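Engineer: There's a structure below that I have some questions on.
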Amino acid sequence: MAVDQDLEQLMGHLGEFGKYQMRQFLLHILAALTAGLHMLTFVTVAAVPEHRCLIPDVDNATATLASSWHTEDVRRWVPVREDGSWDGCHLLDPDTNASAACDQWVYDTTYYTSSRTIEWNMVCSRRWMAAVAQAAYMFGVFAGAVTLGSLADKYGRKTIFYICAVLQLILGVAVAFVPEFWTLLVVRFFYGVFGSAGAYITGFVLTMELVGPSKRTACGITFQGFFAGGVMLVAFWGFFIRERVLLQVVYGLHGLLLVGHWWLIDESPRWLWSQGRVTEAVTIVEKAVRVNGGEAIDTAHYVSKGKSQERQREDVAYGISDLFRTPNMRAKMLNCCLNWFANSLCYYGLSLNTGKLSGDPFLILFLVGLVEIPSYVVTILLMDRTGRRSLISAMMILGGIATLAAAFIPQTTPAGNASATSVVMLGKFMIAGSFAIIYNYTAELFPTPVRNTALGDSLDKTLPTVIFATIAVTSGLLSLLLPETLNQPMPQSMEDGETFGQGDTACASCLGRKPNGQKYEIPLTTVD
392 MAVDQDLEQL MGHLGEFGKY QMRQFLLHIL AALTAGLHML TFVTVAAVPE
442 HRCLIPDVDN ATATLASSWH TEDVRRWVPV REDGSWDGCH LLDPDTNASA
492 ACDQWVYDTT YYTSSRTIEW NMVCSRRWMA AVAQAAYMFG VFAGAVTLGS
542 LADKYGRKTI FYICAVLQLI LGVAVAFVPE FWTLLVVRFF YGVFGSAGAY
592 ITGFVLTMEL VGPSKRTACG ITFQGFFAGG VMLVAFWGFF IRERVLLQVV
642 YGLHGLLLVG HWWLIDESPR WLWSQGRVTE AVTIVEKAVR VNGGEAIDTA
692 HYVSKGKSQE RQREDVAYGI SDLFRTPNMR AKMLNCCLNW FANSLCYYGL
742 SLNTGKLSGD PFLILFLVGL VEIPSYVVTI LLMDRTGRRS LISAMMILGG
792 IATLAAAFIP QTTPAGNASA TSVVMLGKFM IAGSFAIIYN YTAELFPTPV
842 RNTALGDSLD KTLPTVIFAT IAVTSGLLSL LLPETLNQPM PQSMEDGETF
892 GQGDTACASC LGRKPNGQKY EIPLTTVD
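Numbering of the sequence shown is given in my numbering, commencing with residue 392 and proceeding in unit increments.
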């Protein structure tokens, strides 16, 4: 693979991880914190409490589940399901014993005094409203990952990062005051685009393009850890603020953490160099070397080298189609797409379905975020020893098996509830680790011109879990066909991306075959 020696020598002056990289990294990871928080706000602001039908002439408009649950009238009017729980969607006629759907409900306010669900009665036949509202956000995340990733490759990481930072602050607060459902869908779509996609992905790429190869794993996984911190913040604020408007405003105001970034973070020198803006790239590296206490670099030499390359470089704009233009890159991209889909589906499916687990919803949500931290520690310790390919495969398969097992654990007893929760946490542990790996893996597999683009881009309650598990196991097996990136330089050009890892699969490694295209011009080491 052809490595840009001048660029690598320039970046080598920075060292692996000095004071400058640390300062920039601490600013970048705040985007991960806010992304994790925005992603799961709907779990609390639109929580679905225990509920039953409002009984005419028995309940009043302010009745609560807790205050009137055990009265004799309730027992006469509310049907009982086969598992012994109360039916929350139907009323019985005491005279004929026939049941009928209701259109008014009484809610348990033990954990939530208000939520979108309570205000708009998004339960029973109207449950689809909550699902569509969450889907609008997730579709926004998908759209943002695809479009903003490409825009960041074209217009710069810093520019897109800051636009997303400002808009997530505005939308995060504005969504609290939306009075009507269809407008909510539109606002939540754009909230997803800018709240959990743009700043997060560009912040991650900024980090990966700045630190040395030996620190990519630790920095990349730590980035994911702050996303988990955002999930825990959702539970933290939800526990103390039970009124949904104020709660959403508090969530949205976390965007203030990113408002000053335009003046605090720098553009990626790698991106600037790839765009022919060599003077700016060298200036940033020169500044970074001063902060790190290194020796002054020969600025004129690198500017001259960069401009010489620019005169020889074709003025080509790269996009999504270039990821599928050549056979090796196409195969890697399709495999990564499946891995992204599987990890996203399982990770967010497990996170968003915490309300179906028995117990304090805030504690469970907090634990769902907390369990990711040891997962990331284990991943950091293993990733540079086992490589990316075998570890992501093992974690996805084990996570899928654990999730599948949880679907068939009866939750009719306290012991069953505890067992199901424990197994779900184990599944989340595994999936969180594999999700963290796929971020690093994708950033390392694809070349600079399309790196951001590549990176961006209830009937039976057991059914979603079975789907999550099946996709995780299947994707885990297919990830064995991806090339290993451990101790390999990141591809810079589209030609590098095509030749990288040709013939390198887990099967080839087991058979002792040497992969093609593994000759490098220089190692990615620091310059003394």
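Idealized CB from N, CA, C, for every residue including glycine. It should be emphasised that the depicted structure is a prediction, and the values quoted were computed from it without experimental measurement.
Output yes or no for whether 8 Å exceeds the beta carbon distance between Thr-435 and Gly-629.
Structural biologist: Here residue 435 corresponds to residue number 44 of the sequence shown, with the count starting at 1. Here residue 629 corresponds to residue number 238 of the sequence shown, with the count starting at 1. Result yes, Cβ atoms of Thr-435 and Gly-629 sit closer than 8 Å.
Engineer: Helix, strand or coil: how does DSSP classify Tyr-498 here?
Structural biologist: As a position in the sequence shown, residue 498 is number 107, starting the count at 1. If DSSP states are grouped into helix, strand and coil, Tyr-498 belongs with the strands.
Engineer: Have a look at Leu-782 and Leu-741 and give me their C-alpha separation to the nearest angstrom.
Structural biologist: By 1-based counting over the sequence shown, the position of residue 782 is 391. By 1-based counting over the sequence shown, the position of residue 741 is 350. Rounded to whole angstroms, Leu-782 to Leu-741 spans 21 Å at the Cα level.
Engineer: Have a look at Met-413 and Val-669 and give me their C-alpha separation to the nearest angstrom.
Structural biologist: Locating residue 413 in the sequence shown gives position 22, counting from the first residue. Locating residue 669 in the sequence shown gives position 278, counting from the first residue. Their backbone Cα atoms lie some 23 Å apart in a straight line.
Engineer: When you compare only the Cα positions, how much space is there between Ala-567 and Ala-798?
Structural biologist: Position 176 of the sequence shown, counted from the start, is the residue given in the question as residue 567. Position 407 of the sequence shown, counted from the start, is the residue given in the question as residue 798. Ala-567 and Ala-798: Cα-Cα distance of roughly 34 Å.
Engineer: My output table needs one value for Cys-924: the three-state DSSP class, helix, strand or coil.
Structural biologist: This structure gives no information on residue 924, because the portion of the chain shown stretches from 392 to 919.
Engineer: Rounded to a whole number of angstroms, what is the C-alpha to C-alpha distance between Leu-601 and Ala-492?
Structural biologist: Reading the sequence shown from its first residue, position 210 is the one you call residue 601. Reading the sequence shown from its first residue, position 101 is the one you call residue 492. Their Cα atoms are separated by approximately 59 Å.
Engineer: Could you spell out where the beta strand (DSSP E) holding Ser-605 opens and where it closes?
Structural biologist: Walking along the sequence shown from the start, residue 605 turns up at place 214. Looking at the DSSP string, Ser-605 is not in any beta strand (DSSP E), and its letter there is neither H nor E.
Engineer: Taking only three categories from DSSP, how would you classify Leu-873?
Structural biologist: Numbered from 1 along the sequence shown, position 482 holds the residue referred to as residue 873. Secondary structure of Leu-873 (DSSP, three-state): coil.
Engineer: Residues in its own chain within less than 8 Å of Thr-853 by CB, not counting five upstream and five downstream?
Structural biologist: As a first step, residue 853 is located in the sequence shown; it is residue number 462 there, counting from the start. Residue placement at Thr-853 cannot be trusted, given a pLDDT of 38 that sits under 50; the coordinates are not used to answer.
Engineer: Which one of Pro-470, Trp-654, Ser-695, Thr-501 has the shortest CA to CA distance from His-419?
Structural biologist: Position 28 of the sequence shown, counting from 1, holds the residue named residue 419. Comparing Cα-Cα distances from His-419 to each of Pro-470, Trp-654, Ser-695, Thr-501, the minimum goes to Trp-654.
Engineer: Based on Cα-Cα distance, which residue from Pro-718, Leu-758, Asn-730 lies nearest to Gly-791?
Structural biologist: As a working mapping, residue 791 is identified with position 400 in the sequence shown. Looking at the Cα atoms, Asn-730 is the closest of the given residues.
Engineer: Work out the CA separation of Leu-648 and Cys-555 for me, nearest whole Å.
Structural biologist: If you number the sequence shown from 1, residue 555 lands on position 164. If you number the sequence shown from 1, residue 648 lands on position 257. Cα atoms of Cys-555 and Leu-648: separation of roughly 12 Å, rounded to the nearest angstrom.
Engineer: If you compare alpha carbons, which of Phe-820, Gly-760, Thr-770 is closest to Ile-424?
Structural biologist: Taking the first residue of the sequence shown as position 1, residue 424 is located at position 33. The sequence as given places Leu at residue 424; Ile does not occur at that position. Considering only alpha carbons, the answer is Gly-760.
Engineer: Should Asp-657 be labelled buried (16 or more other beta-carbon atoms within 10 Å of its own) or exposed?
Structural biologist: Translated into positions along the sequence shown, residue 657 becomes position 266. Burial call: buried.
Engineer: What residue range is occupied by the uninterrupted beta strand (DSSP E) comprising His-481?
Structural biologist: Along the sequence shown, read from residue 1 onward, the residue named residue 481 stands at position 90. The continuous beta strand (DSSP E) containing His-481 extends over residues 481–483.
Engineer: In its own chain, which residues sit with a C-beta less than 6 Å from the C-beta of Pro-914, not counting the 5 before and 5 after it?
Structural biologist: Indexing the sequence shown from 1 puts residue 914 at position 523. With a pLDDT of 39 at Pro-914, under the threshold of 50, the modelled position of this residue cannot be trusted; read the value that follows with caution. Residues of the same chain with a CB within less than 6 Å of the CB of Pro-914, apart from the 5 flanking positions on each side, do not exist.
Engineer: Quick check on the DSSP output: the beta strand (DSSP E) that includes Ala-492 runs from which residue to which?
Structural biologist: Position 101 of the sequence shown, counted from the first residue, corresponds to residue 492. DSSP places Ala-492 in the uninterrupted beta strand (DSSP E) bounded by 490–492.
Engineer: Give me the Cα-Cα distance between Glu-835 and Arg-780, rounded to the nearest whole angstrom.
Structural biologist: Along the sequence shown, read from residue 1 onward, the residue named residue 835 stands at position 444. Along the sequence shown, read from residue 1 onward, the residue named residue 780 stands at position 389. Going from the Cα of Glu-835 to the Cα of Arg-780 covers about 12 Å.
Engineer: Since I believe Ala-437 is in contact with Arg-507 (beta carbons under 8 Å), could you give me their beta-carbon distance rounded to a whole number of angstroms?
Structural biologist: Here residue 507 refers to the residue found at position 116 of the sequence shown. Here residue 437 refers to the residue found at position 46 of the sequence shown. Confirmed, about 4 Å.
Engineer: Just checking my contact of Leu-539 with Ile-592 at CB under 8 Å: how many whole Å lie between their CB atoms?
Structural biologist: In the sequence shown, residue 539 corresponds to position 148, counting from 1. In the sequence shown, residue 592 corresponds to position 201, counting from 1. So it is a contact: roughly 7 Å between Cβ atoms.
Engineer: Classify Val-569 as helix, strand or coil using the three-state DSSP reduction.
Structural biologist: For the purposes of this step, residue 569 is taken as the residue at position 178 of the sequence shown. Three-state result, Val-569: coil.
Engineer: Cα separation between Asn-683 and Val-557?
Structural biologist: Position 292 of the sequence shown, counted from the start, is the residue given in the question as residue 683. Position 166 of the sequence shown, counted from the start, is the residue given in the question as residue 557. Roughly 30 Å between the two C-alpha positions.
Engineer: Just verifying my parser: in three-state terms, what is the DSSP assignment at Val-471?
Structural biologist: Sequence index remark: in the sequence shown, residue 471 carries index 80 (1-based). Three-state result, Val-471: strand.
Engineer: Whose C-alpha, out of His-481, Cys-480, Met-529, is nearest the C-alpha of Ser-735?
Structural biologist: Sequence index remark: in the sequence shown, residue 735 carries index 344 (1-based). Of the candidates His-481, Cys-480, Met-529, Met-529 places its Cα closest to the Cα of Ser-735.
Engineer: List in chain order: all unbroken alpha helix (DSSP H) runs of 4+ residues lying wholly within the stretch 528–601.
Structural biologist: Qualifying alpha helix (DSSP H) stretches, in chain order: 548–565, 572–586, 589–599.
Engineer: Could you check the C-alpha separation between Thr-916 and Gly-406 for me, to the nearest Å?
Structural biologist: The residue labelled residue 916 in the question sits at position 525 within the sequence shown. The residue labelled residue 406 in the question sits at position 15 within the sequence shown. Unreliable placement is indicated for Thr-916, whose pLDDT of 43 sits below 50; no coordinate value is reported for it.
Engineer: Taking 8 Å as the cut-off, decide whether the C-beta atoms of Thr-345 and Gly-824 are in contact.
Structural biologist: Because the chain here runs from 392 to 919, residue 345 falls outside it and cannot be looked at.
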